[in-house]
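For the sequence shown, the residue numbers in UniProt numbering are 1 to 425.
Backbone N, C-alpha and C define an ideal beta-carbon position, used for all residues, glycine too.
Just so it is clear, the structure is predicted and the values come from calculations on it, not from any experiment.
Just below is one structure, and these are the notes that go with it.
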Amino acid sequence: NGSTGTNGSTGTNGSAGTNGSTGTNGSAGSSGTAGSTGNTGSNGANSGGSTSSDGKPSGGTSSGGGTSQGGTSATSALTKLEVSGDEIIIRTSADVVPVTSTLSSPFRIVIDLPNSTLGAYAKPGVTGQIEMQVQHPKIEKIRYSQYSDNPSTVRIVLDMKQNSDYQLTETKATKQWAVSFQDKKYTVVVDAGHGDSDPGAMSITSRKEKDFTLPVANKVYKLLQMEPSIKTLMTRTGDTYPTLQDRVDLANGAKADLFISIHGNSFKPTISGTETYYSRSDSISFANLVHKKVTEVTGLPDRDVRKSDFKVIRETTMPAVLLEVGYLSNAIDEALMYTETFQDRVAAAIAAAIKEQLNISGMPVEVKSASSQTTQQKESSKVMTASESSAAKTTVPDSTPVKSTGTAADTTKDSAQGKTALPVK
Ligand SMILES: [Zn+2]
Numbered sequence: 001n002g003s004t005g006t007n008g009s010t011g012t013n014g015s016a017g018t019n020g021s022t023g024t025n026g027s028a029g030s031s032g033t034a035g036s037t038g039n040t041g042s043n044g045a046n047s048g049g050s051t052s053s054d055g056k057p058s059g060g061t062s063s064g065g066g067t068s069q070g071g072t073s074a075t076s077a078l079t080k081l082e083v084s085g086d087e088i089i090i091r092t093s094a095d096v097v098p099v100t101s102t103l104s105s106p107f108r109i110v111i112d113l114p115n116s117t118l119g120a121y122a123k124p125g126v127t128g129q130i131e132m133q134v135q136h137p138k139i140e141k142i143r144y145s146q147y148s149d150n151p152s153t154v155r156i157v158l159d160m161k162q163n164s165d166y167q168l169t170e171t172k173a174t175k176q177w178a179v180s181f182q183d184k185k186y187t188v189v190v191d192a193g194h195g196d197s198d199p200g201a202m203s204i205t206s207r208k209e210k211d212f213t214l215p216v217a218n219k220v221y222k223l224l225q226m227e228p229s230i231k232t233l234m235t236r237t238g239d240t241y242p243t244l245q246d247r248v249d250l251a252n253g254a255k256a257d258l259f260i261s262i263h264g265n266s267f268k269p270t271i272s273g274t275e276t277y278y279s280r281s282d283s284i285s286f287a288n289l290v291h292k293k294v295t296e297v298t299g300l301p302d303r304d305v306r307k308s309d310f311k312v313i314r315e316t317t318m319p320a321v322l323l324e325v326g327y328l329s330n331a332i333d334e335a336l337m338y339t340e341t342f343q344d345r346v347a348a349a350i351a352a353a354i355k356e357q358l359n360i361s362g363m364p365v366e367v368k369s370a371s372s373q374t375t376q377q378k379e380s381s382k383v384m385t386a387s388e389s390s391a392a393k394t395t396v397p398d399s400t401p402v403k404s405t406g407t408a409a410d411t412t413k414d415s416a417q418g419k420t421a422l423p424v425k
């Protein structure tokens with residue numbers, strides 16, 4: 001259980017957890033560290049790292065020395081937009097400093113060219129966006145438009161297949177920029193609860209919690225090793241006891257993107273089921289995802305996502321959850337929890353949740369309803385999708401409702417002990 005040795009609490013949790021947070025999006029991690037190598041421009045060319053920018057041009061109103069006022073402010077035209085190798089090449093007729101930002105779900109890179117027109121890239125009769133199909137390992141397609149007439153701004157949107165770090169570099173040829181991409185590498189910390197002198201809870205057949213958490217954590221590690229974009233750090237890989245502070249320090253020091261702590265619960269023998277804990281609102285979406293995936297495979301009662309203040313999820317600085325897979329004090333849960341097949345399933349569910357949270361495998365964390373999207377696109381015929389043209393934030397995972405929580409002890413649900421076999425998957 002997460003309380004033993006964490007903060008002295010006995011696992012009760014009075015918090016209602018109703019927290020309609022619209023906080024920052026934990027899914028993207030740090031997306032886009034747009035560098036501006038070689039940029040000698042004067043307006044701080046980009047704002048990479050922003051995952052919830054409204055996509056409006058920012059800081060892009062100053063021209064590279066241009067002095068146009070009123071009316072159209074274009075001093076430059078787009079003269080090249082093409083794929084060259086793995087790079088995107090952008091050239092303009094006069095010096096402008098592109099302004100970049102990112103949007104998430106799905107991940108997009110937005111490049112605004114201030115004081116610019118589409119030039120020869122305009123299509124007669126087309127006032128809205130123009131699509132460009134490309135063959136590129138990371139880019140689905142490119143869209144561009146005359147985003148604004150006053151000030152005159154060209155917007156280029158790269159619809160990405162996946163989250164990628166990118167860099168905008170002024171090439172040797174003047175007025176030419178290259179967008180290049182790097183494989184994004186995420187760091188995930190997997191914490192097997194307890195260890196060594198701290199056995200954790202004692203199960204109904206006198207097995208130790210630490211001997212459940214370790215194999216599950218090691219299985220998660222093995223699965224994540226197969227994902228090249230994830231670097232996994234373990235708080236322990238054997239029967240050792242890193243202190244809770246050690247575990248927090250490991251994650252924070254590594255600037256990890258996600259943290260998950262694996263535990264087994266303990267209370268009255270009649271109580272059974274899976275609980276997932278978060279402490280801060282930036283962890284809610286990850287907690288929901290872990291909980292959903294794990295309860296799907298355990299077949300145990302769903303005891304909800306709950307808020308609690310366990311040190312390892314309170315003091316880590318990235319989205320962090322503590323998973324209580326099942327109750328070691330319950331005979332049915334306990335018997336399952338020490339079987340290899342059950343542990344394999346739980347580990348696979350945890351790994352899947354981690355990958356989905358990080359947006360690996362191209363699965364958006366949340367899918368917009370088709371109807372609203374159609375409407376939005378109609379309304380903004382001139383410019384891209386609604387999320388790129390309005391202040392509407394697209395980082396929505398945190399708005400996923402958190403079920404209200406009771407105490408860790410007993411709810412009416414607990415009487416549902418009639419569970420039998422696991423669903424066959
Ligand atoms: Zn524990």
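Taking DSSP as the reference, what is the three-state secondary structure of ASP239?
coil
Nearest to SER308 by alpha carbon, out of THR295, GLU275, PRO301 and LYS292?
GLU275
With a cut-off of 8 Å on the beta carbons, I'd call VAL126 and PRO114 a contact; round off their distance for me.
About 22 Å; that fails the 8 Å criterion.
Give a single yes or no on whether GLU334 has its beta carbon closer than 6 Å to a heavy atom of ligand 1.
no
Starting from the C-beta of VAL297, find all residues in its chain whose C-beta is less than 6 Å away, skip the five residues before and the five after it, and write them out in chain order.
ARG345 and ALA349
Neighbourhood of LYS141 by C-beta, 7 Å cutoff - its chain only, sequence neighbours within 5 removed
GLU131, MET132, GLN133, VAL134 and ASP159
Quick check: the region 166–180 against the region 213–226, are at least 3 beta-carbon pairs closer than 8 Å?
no
Just how far apart, CA to CA, sit ARG314 and ASP165?
28 Å
Among ARG91, VAL97 and SER203, which one has its Cα closest to the Cα of ALA331?
SER203
Specify the secondary structure class of ASP165 as computed by DSSP and reduced to three states.
strand
Is the distance from the Cβ of VAL290 to the Cβ of VAL312 below 7 Å?
Contact: no.
For the region 185–199 against the region 211–218, do three or more pairs of beta-carbon atoms, one drawn from each stretch, fall closer than 8 Å, so that the two count as touching?
yes
State yes or no: is the C-beta of LEU323 within less than 7 Å of the C-beta of ILE271?
no
Measuring only the C-alpha atoms, how far is ALA352 from LYS293?
Rounded to whole angstroms, ALA352 to LYS293 spans 7 Å at the Cα level.
Measuring alpha carbon to alpha carbon, tell me which of ASP183, ILE111, TYR144 and SER104 ends up nearest PHE121.
The question names Phe, yet the displayed sequence has Tyr at residue 121. Nearest of ASP183, ILE111, TYR144 and SER104 to TYR121, Cα basis: TYR144.
Cβ of LEU328 within 7 Å of Cβ of ALA201?
Yes. Within cutoff.
For a quick check, are the C-beta atoms of THR92 and SER76 less than 7 Å apart?
For THR92 and SER76, yes; Cβs fall inside 7 Å.
Confirm, please, whether the CB-CB distance from GLU209 to GLY273 is below 7 Å.
No, they are not a contact pair.
Report all residues from its chain with a CB closer than 7 Å to the CB of TYR338; omit the five preceding and five following residues, and keep chain order.
ARG207 and PHE212
By Cβ distance, which residues of its chain are closer than 6 Å to ARG155, with the 5 residues on each side in sequence left out?
ASP112, SER145 and TYR147
Assign ALA173 to buried or exposed, taking buried as 16 or more other Cβ atoms, counted over all protein chains shown, within 10 Å of its Cβ.
With fewer than 16 other Cβ atoms within 10 Å, it is exposed.
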